[in-house]
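Colleague:
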Amino acid sequence: MASARDLRRRIKSVKSTQQITKAMKMVAAAKLRKAQERVTAARPFAAKVKEVLARLTASSSGVEHPLLATRQPDRVLYVLVTADRGLCGGYNANIMRMCAGMMQQKPGSLVAVGRKGRDFFRRRGFTIESEFVGLGEDIPFGSAKEIGELLVGYYEKEQFDEVYLLFTEFRSAINQIPTAIKLLPVEPPTEDENGSQVDYIYEPEPEALLSRLLPTYIETTIYRALLESKASEQGARMTAMGSATDNATEMIDKLTLSLNRARQAAITKEISEIVGGANALD
Amino acid sequence: MADKNLTVEIVTPERMVFSEPAEMVVVPGVEGYLGILPLHAPIVSGLEIGVLKVVNGGKEAKIAISGGFMEVSNDRVVVIADTAEQGNEIDVLRAKSAQERAEQRLNNRTADIDAARAETSLRRAVARLRAAGQD
């Protein structure tokens, strides 16, 4: 059995680890709340862009645009959104496993958003076409724009024929879903049921509008993916750190119990030694 | 129909900037400035960098936007813009220095300067200053 001194030392070390995980949990909770607000704030814009695009493509059927054109998917590009930091449970592993699976089925190149995904695939010898790391907590729309412009450039120059976006959809603090969507060629959203058939005046003509709206649509989609991933990361970290704290409490309880047992055994031993000694004197 | 009003909403990716009733809106359309009054026909228009004016009760709110779209239907005006700032939110000093920087770059053109980019940032700065009433 471990000595009382060893046990005391272990309890102390577990306690200080618990303090760290507890603090991290609280920080993640605060950041999660902020991230969720940002997801909500971005929603009206995304909905509006989608609505206008749906109407535009519906009313002007047969419009052609390079970003809508489907090509034989020979060269595929995956855009992988991960966190810059670890200690967030299975968050990074889940999305990277999904990415690896997709790449096994349909090999392609990679654009890494986030340090973890970049490091993982670089270690395994994959070529990283481009990387975006250290976007920070408050992701500005400008970052999404930058990524979007890069991808549109790739697609227009026919460097890639299909672009997938892999991110983690945020459902709740304990539920995040790795998701893959096809970013390019753009599959125009279809209008929802209440889309009344109004005849709009388009200025300039639909084709010209489309070539302004499509990049915006792509950037908005990326922006949403970045925000959702950020919220998921904080949610996963909060949950992981919460259970780490719980585990630490459990461990401390167990160690305290063994410590008390060891202490009591020592006392019993001492008493029986004293009694034994006294008996021997009689 | 004098009591008919427009509802104006201006949204950017980061937030809803403006949501108020109005009597008239003037927007910087791709093909020139465009005035919207109540009962306007449904229209979707691209927007340029410029100043958007919202008139309500004799008061005029000016908002600098950097391109985007506008949709009008049923007296609802929805503007989706990359960025939008109301006149009183604008950092005049920053806009001024951006203007000077862009002008300087356009005046001493060298091969390594992206003239188109400098021009856009000049137009953005000028729009900001005009919205802030500093032109």
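Each protein sequence line maps, in turn, to chains E and W. Using our numbering, read the first sequence as starting at 2 and increasing by one per residue. Using our numbering, read the second sequence as starting at 878 and increasing by one per residue. Glycine residues also receive a C-beta, built at the ideal position from the N, C-alpha and C atoms.
For VAL276 (chain E), name the three-state secondary structure that DSSP assigns.
Modeller: helix
Colleague: What are the residues of the region 923-957 of chain W that lie near chain E, defined by any Cβ-Cβ distance shorter than 7 Å?
Modeller: GLY923, PHE946, GLU948, SER950, VAL955, ILE957
Colleague: Verify the CB distance criterion: does ILE887 (chain W) have a CB-CB separation below 7 Å to chain E?
Modeller: No, no contact with chain E.
Colleague: Confirm, please, whether the CB-CB distance from PRO890 (chain W) to PHE142 (chain E) is below 7 Å.
Modeller: yes
Colleague: Listing by chain order, which chain E residues have their CB less than 7 Å from the CB of ARG892 (chain W)?
Modeller: ALA42
Colleague: Given that a residue counts as buried once 16 or more other Cβ atoms are within 10 Å of its Cβ, and exposed if not, what is ASN93 (chain E)?
Modeller: Looking at its Cβ environment, which holds 16 or more other Cβ atoms inside 10 Å, ASN93 (chain E) is buried.
Colleague: Distance, Cα to Cα, THR22 (chain E) vs ALA993 (chain W)?
Modeller: 51 Å
Colleague: Please classify LYS26 (chain E) as buried or exposed, where buried requires at least 16 other C-beta atoms within 10 Å of its C-beta.
Modeller: Residue environment for LYS26 (chain E): buried (at least 16 other C-beta atoms within 10 angstroms of its C-beta).
Colleague: Determine, using beta carbons only, whether ARG213 (chain E) comes closer than 7 Å to chain W.
Modeller: yes
Colleague: Among residues of its own chain, excluding the 5 on either side of MET878 (chain W), which ones have a beta-carbon nearer than 6 Å to its beta-carbon?
Modeller: With a pLDDT of 47 at MET878 (chain W), under the threshold of 50, the modelled position of that residue is not reliable, and no figure is offered here.
Colleague: Quick one: Cα of LYS984 (chain W) to Cα of LEU929 (chain W), how far?
Modeller: The sequence given here has Asn at residue 984 (chain W), not Lys. Between ASN984 (chain W) and LEU929 (chain W), the C-alpha separation is close to 28 Å.
Colleague: For the region 108-162 of chain E, which segments carrying the alpha helix (DSSP H) assignment without a break, of at least 4 residues, lie completely within its bounds, in sequence order?
Modeller: 116-124, 142-157
Colleague: THR997 (chain W) CB to nearest chain E CB: under 7 Å?
Modeller: no
Colleague: Taking CB distances under 7 Å as the criterion, tell me whether PRO919 (chain W) reaches chain E.
Modeller: yes
Colleague: Using a Cβ-Cβ cut-off of 7 Å, state whether LEU210 (chain E) counts as contacting chain W.
Modeller: Answer yes: the Cβ-Cβ gap between LEU210 (chain E) and chain W drops below 7 Å somewhere.
Colleague: Excluding the 5 residues preceding and the 5 following PHE121 (chain E) in the sequence, name in chain order all residues of the same chain whose CB lies nearer than 7 Å to its CB.
Modeller: MET97
Colleague: Starting from the C-beta of LEU33 (chain E), find all residues in its chain whose C-beta is less than 7 Å away, skip the five residues before and the five after it, and write them out in chain order.
Modeller: ALA174, ALA232, GLN235, GLY236, MET239
Colleague: Alpha carbon to alpha carbon, what distance is there between GLU170 (chain E) and GLN177 (chain E)?
Modeller: 6 Å
Colleague: Determine whether the Cβ of GLU206 (chain E) lies closer than 7 Å to any Cβ atom of chain W.
Modeller: no
Colleague: Counting only C-beta atoms, is PHE46 (chain E) closer than 7 Å to chain W at any point?
Modeller: With 7 Å as the cut-off, PHE46 (chain E) counts as an interface residue toward chain W.
Colleague: Going by C-alpha distance, which of W:ASN882, W:SER896, W:VAL888, W:GLY944 is nearest TYR910 (chain W)?
Modeller: W:GLY944
Colleague: In the DSSP assignment, find the alpha helix (DSSP H) that holds GLN19 (chain E) and state where it starts and stops.
Modeller: First-last of the alpha helix (DSSP H) with GLN19 (chain E): 5-60.
Colleague: DSSP three-state label for ASN176 (chain E), please.
Modeller: strand
Colleague: Which complete alpha helix (DSSP H) runs does the region 87-111 of chain E hold, if anything under 4 residues is left out?
Modeller: 92-106
Colleague: Would you report the Cα separation of ALA181 (chain E) and GLY115 (chain E), rounded to the nearest angstrom?
Modeller: 16 Å
Colleague: Assuming ILE913 (chain W) and ALA961 (chain W) make a contact with CB atoms under 8 Å, what is their CB distance in whole Å?
Modeller: Rounded to the nearest angstrom, the Cβ distance from ILE913 (chain W) to ALA961 (chain W) is 16 Å, too far for a contact under 8 Å.
Colleague: Could you round the C-beta distance between PRO919 (chain W) and SER950 (chain W) to whole angstroms and report it? I think they count as a contact, below 8 Å.
Modeller: 4 Å
Colleague: Is any beta-carbon of chain W found at less than 7 Å from that of LYS49 (chain E)?
Modeller: yes
Colleague: Taking DSSP as the reference, what is the three-state secondary structure of MET878 (chain W)?
Modeller: Caution applies to MET878 (chain W), whose pLDDT of 47 falls short of 50 and renders its modelled position unreliable; the model cannot decide the point.
Colleague: Which same chain residues, not among the five before or five after ILE253 (chain E), have their C-beta less than 8 Å away from its C-beta?
Modeller: Contacts found: ILE12, VAL15, LYS16, GLN19.
Colleague: Name the chain E residues that come within less than 9 Å of VAL907 (chain W), Cβ to Cβ?
Modeller: Annotation: Cβ neighbours of VAL907 (chain W) in chain E (cutoff 9 Å, chain order): GLU204, PRO205, ALA209, LEU210, ARG213.
Colleague: How many Å lie between LEU256 (chain E) and ALA267 (chain E) at the Cα?
Modeller: 16 Å
Colleague: Would you call the region 102-112 of chain E in contact with the region 258-265 of chain E, where contact means no fewer than 3 C-beta pairs closer than 8 Å?
Modeller: no
Colleague: Hey, SER922 (chain W) and MET947 (chain W) are a contact pair by Cβ (cut 8 Å); roughly how many whole angstroms apart?
Modeller: 5 Å
Colleague: Beta-carbon separation of LYS117 (chain E) and ALA84 (chain E) under 7 Å?
Modeller: yes
Colleague: Is TYR201 (chain E) helix, strand or coil when you go by DSSP?
Modeller: coil
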